[in-house]
Amino acid sequence: MTAKPFSVALALIVAAGTAAAAEPFLRSELIFPLEHWHNHASSLVELPSGDIFAVWYHGSGERRADDVVIQAALLRAGASRWTPRYTIADIKRFPDCNPIVFLDRDQRLWLVWPTILANRWETALLNLRITSDIDHLYRRPRWDVSENLLFHPRNFEKRVREVVEPELKKVASGSRAEQYLKNVLKHAGDKYFRRLGWMPRAHPIQLPSGRVLLPLYSDGFSFSLIAITDDGGKTWTTSEPIIGWGAIQPTIAQARDGTLVAYMRDNGPPPKRLHVSKSVDGGITWSPAVDSELPNPGSGAEVINLQDGSWLMIYNDTERGRHSLAVSISEDEGRTWRWTRHLELDTRAEKPGAFHYPSIIQAGDGTLHATYSYFLNHLPGGPVKSIKHAHFNVEWVKQGDPK
């Protein structure tokens, strides 16, 4: 075969690059009309068909409302309107909350969520459902696996004592900090407390080895750990706890050298920043959680690896309030976040909206899909709520906010 002249090859490369440069776009819509019912904590996934599948929890409240169920809806490939929502999971007379969905390499769909046994977060019991029958997912799911997700937290009491006991010596006697640390030490030695109360928020990730890492957190302990399976969900172990003061709801990206980086919501004292921790052994042990440079008002965030090697973060970029929902892109694995654009920004002084608990994926075509809780607080009659879906591309983010 005769090689192409350099000038012709260069022209082809330039033309290909031009063709690949997409126009920035953003399209968004509510999955269902605004209502007074509580709708929160969505998660979404792209199915093999190209359909987008989303879940969230719905009811008259959260953990204290026994009518809370897991709802779902589907956006067919090429469609602009979602199918009618339906209940996909309901443990009768108990609140079901914080669902996540995940598609593994075998094209099996996972649904994980906690049932709150005694109307307190620390009584959460995890449920696991897995199906390979995607065609029947809408309205009539047929689950290959339907069980509770149980585990013994790895090295839990020992690791908690190593971290907490030195801190206990530093805090003032009789302070809230002292009481919190004493409770953590007490509960770390209690099988009831350390085996229950773990909840998901962000997507799991699957490593090249096939290992699935499911990020979890406890409101009882106010820190995190990672559930780990190496056999497709048949058996489970965990990481050691990721201990930080209010470091919860972890979300994980993987660096080029294999290092895992977890970002976590800040439920602790100021400064209010996303916490960050790293693992170099496949998610078993983690460095102490420390503040990153990214602000966080005590709300969920999610980071993902993009197809071009950069990272994308969706988060509330404030230290107070959830009225601002941003998307940022880093091309140096989280050291800096060069581009930021806002999906939502409500600047009203009184009763601003809340746009929070985002979930985000990059679809096979390279575009981005996000869902998030969409609460409006300023309308007559009290707050109204829905789940909003946004479809956009990297080019839209890099274009930045209008000036």
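So the sequence shown is numbered by the numbering used here: it starts at 7 and just counts up by one.
Using N, Cα and C, we set each Cβ at its ideal position, and we do this for glycine too.
Distance CB(residue i)-CB(residue j) smaller than 7 Å
| i | j | result |
| --- | --- | --- |
| residue 101 | residue 61 | no |
| residue 93 | residue 80 | no |
| residue 252 | residue 274 | yes |
| residue 206 | residue 222 | yes |
| residue 393 | residue 45 | yes |
| residue 224 | residue 204 | yes |
| residue 120 | residue 109 | no |
| residue 200 | residue 256 | no |
| residue 249 | residue 229 | yes |
| residue 332 | residue 353 | no |
| residue 173 | residue 187 | yes |
| residue 32 | residue 343 | no |
| residue 194 | residue 171 | no |
| residue 405 | residue 30 | yes |
| residue 349 | residue 335 | no |
| residue 190 | residue 157 | no |
| residue 326 | residue 297 | no |
| residue 28 | residue 399 | yes |
| residue 395 | residue 35 | yes |
| residue 237 | residue 217 | no |
| residue 299 | residue 316 | no |
According to DSSP, residues forming a beta bridge with residue i
| i | result |
| --- | --- |
| residue 221 | 232 |
| residue 382 | 390 |
| residue 102 | 121 |
| residue 93 | 77 |
| residue 206 | 222 |
| residue 36 | 394 |
| residue 363 | Beta-bridge pairing links residue 363 to no other residue. |
| residue 331 | 322, 350 |
| residue 271 | 254 |
| residue 41 | 391 |
| residue 368 | 374 |
| residue 130 | 122 |
| residue 336 | 317 |
| residue 345 | 335 |
Identity of the residue in the options nearest residue i by Cα
| i | options | result |
| --- | --- | --- |
| residue 356 | 142, 394, 156, 383 | 383 |
| residue 99 | 70, 203, 132 | 70 |
| residue 266 | 272, 190, 245 | 245 |
| residue 104 | 276, 390, 379 | 379 |
| residue 258 | 269, 203, 199 | 269 |
| residue 64 | 85, 37, 53, 54 | 37 |
| residue 365 | 307, 353, 199, 341 | 307 |
| residue 271 | 303, 261, 289 | 303 |
| residue 83 | 408, 402, 397, 406 | 397 |
| residue 3 | 289, 299, 374, 295 | There is simply no residue 3 to check, as the chain begins at 7 and stops at 409 in what is shown. |
| residue 351 | 336, 344, 389, 328 | 328 |
| residue 106 | 76, 86, 125 | 76 |
| residue 59 | 299, 175, 376 | 376 |
| residue 214 | 97, 288, 130, 96 | 288 |
| residue 53 | 144, 35, 126, 87 | 144 |
| residue 371 | 42, 39, 56, 49 | 56 |
| residue 97 | 48, 152, 128, 86 | 152 |
| residue 130 | 198, 178, 182 | 198 |
| residue 165 | 291, 330, 339 | 291 |
| residue 261 | 300, 49, 310, 232 | 310 |
| residue 389 | 48, 87, 67, 50 | 67 |
| residue 147 | 232, 330, 95, 39 | 95 |
| residue 43 | 391, 408, 407 | 391 |
| residue 49 | 387, 183, 91, 208 | 208 |
| residue 369 | 47, 51, 123 | 51 |
| residue 264 | 150, 285, 47, 254 | 285 |
| residue 127 | 202, 234, 340, 277 | 202 |
3 or more residues per run - each beta strand (DSSP E) lying fully within the region 50–91: Here the runs fully enclosed are 58–65, 75–81.
Beta strand (DSSP E) runs contained entirely in the region 144–192, provided each spans 3 or more residues: 151–154
Length-filtered (3 minimum) beta strand (DSSP E) runs lying within the region 273–328: 279–285, 296–301, 308–311, 317–322
The region 322–342 touching the region 355–370, judged by at least three CB pairs closer than 8 Å: yes
Inter-stretch contact at 8 Å, needing at least 3 Cβ pairs: the region 112–119 / the region 137–150: Pairwise C-beta distances place the region 112–119 in contact with the region 137–150, as three or more of them are shorter than 8 Å.
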